[in-house]
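Asks: Input: one structure, supplied below.
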Amino acid sequence: MDKCISDHEVIVFELPFCEPQLVKRTNTCSKKNIDNQALGTIIQFIAEDMKDDCYKNLVDIYNRKLKQLLHIHAPLKTRIVKDRPSAPWMTSYIKELRLNEGEQKESGAQQTSVSTKTLMETLKENGKMPLKQQRIIYIVIR
Numbered sequence: 001m002d003k004c005i006s007d008h009e010v011i012v013f014e015l016p017f018c019e020p021q022l023v024k025r026t027n028t029c030s031k032k033n034i035d036n037q038a039l040g041t042i043i044q045f046i047a048e049d050m051k052d053d054c055y056k057n058l059v060d061i062y063n064r065k066l067k068q069l070l071h072i073h074a075p076l077k078t079r080i081v082k083d084r085p086s087a088p089w090m091t092s093y094i095k096e097l098r099l100n101e102g103e104q105k106e107s108g109a110q111q112t113s114v115s116t117k118t119l120m121e122t123l124k125e126n127g128k129m130p131l132k133q134q135r136i137i138y139i140v141i142r
């Protein structure tokens with residue numbers, strides 16, 4: 001028996017819908033977790049090096065050097081992000097609950113919070129099927 005021969009036919013088709021164009025936006029941010037001890041030590045050296053009689057010049061020099069230090073320790077990073085359209089079931093209420101949940105995770109909350117429980121209940125009420133199926137249906141309907 002030859003394994004390369006098959007009695008199956010190839011099925012080719014096109015779906016009659018178009019996905020919306022993704023909008024690009026630019027995010028610019030700097031590093032937020034700076035080594036405070038190293039930065040503080042360098043700032044002390046800057047203050048010791050500045051010996052000028054004119055106070056206005058001292059302030060300008062200090063500000064300039066401080067900006068340079070921040071650019072070294074926390075450089076600005078720019079990213080281009082594609083915004084995707086939100087699903088019909090993603091309401092502003094759910095977005096707010098998810099934002100609160102993220103803030104609680106960053107703060108290191110150990111217990112499941114009230115907003116997390118509310119979020120899960122809301123998601124269950126708004127969609128009776130799994131989220132993956134809702135996304136597929138959303139794309140097909142559009």
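Numbering (our numbering), first residue to last: 1 to 142.
Just so you know, even glycine gets a beta-carbon here, dropped at the ideal spot from N, CA and C.
Over the uninterrupted beta strand (DSSP E) stretch that includes residue 23, give me the two end residues.
Replies: Sequence index remark: in the sequence shown, residue 23 carries index 23 (1-based). It spans 23 to 30 - the beta strand (DSSP E) in which residue 23 sits, taken as one unbroken run.
Asks: How would you label residue 97, buried or exposed, when you count the other beta carbons within 10 angstroms and need 16 or more for buried?
Replies: As a working note, residue 97 is residue 97 in the sequence shown. Residue 97 comes out buried.
Asks: Ordered along the chain, which non-local residues of its own chain (more than five positions away) have a Cβ less than 8 angstroms from that of residue 77?
Replies: Residue numbering aside, residue 77 sits at position 77 when the sequence shown is read from its first letter. Here the set comprises 28, 29, 30, 31.
Asks: Would you tell me roughly how many angstroms separate the C-alpha atoms of residue 38 and residue 88, rounded to the nearest one?
Replies: In the sequence shown, residue 38 corresponds to position 38, counting from 1. In the sequence shown, residue 88 corresponds to position 88, counting from 1. When rounded, the distance between both Cα atoms is 48 angstroms.
Asks: For residue 84, which three-state DSSP category applies?
Replies: The residue you call residue 84 lines up with position 84 of the sequence shown. Residue state, collapsed to three classes: coil.
Asks: In chain order, what residues of the same chain lie with their CB nearer than 8 angstroms to the CB of residue 69, ignoring the 5 residues before and after it?
Replies: To locate residue 69, count along the sequence shown from 1; it is residue 69. Correct list, in chain order: 39, 42, 43, 46.
Asks: Taking the alpha helix (DSSP H) that residue 45 falls in, what are its first and last residues?
Replies: For the purposes of this step, residue 45 is identified with residue 45 of the sequence shown, where counting begins at 1. It spans 36 to 49 - the alpha helix (DSSP H) in which residue 45 sits, taken as one unbroken run.
Asks: Rounded to whole angstroms, what is the Cα-Cα separation between residue 140 and residue 19?
Replies: Start at 1 with the first residue of the sequence shown, and residue 140 comes out as number 140. Start at 1 with the first residue of the sequence shown, and residue 19 comes out as number 19. Only weak support is given to the placement of residue 140: the predicted model assigns it a pLDDT of 48, under 50, and the question is left unresolved by the model.
Asks: According to DSSP, residue 76 sits in a beta bridge with which residue or residues?
Replies: Taking the first residue of the sequence shown as position 1, residue 76 is located at position 76. Paired residues: 30.
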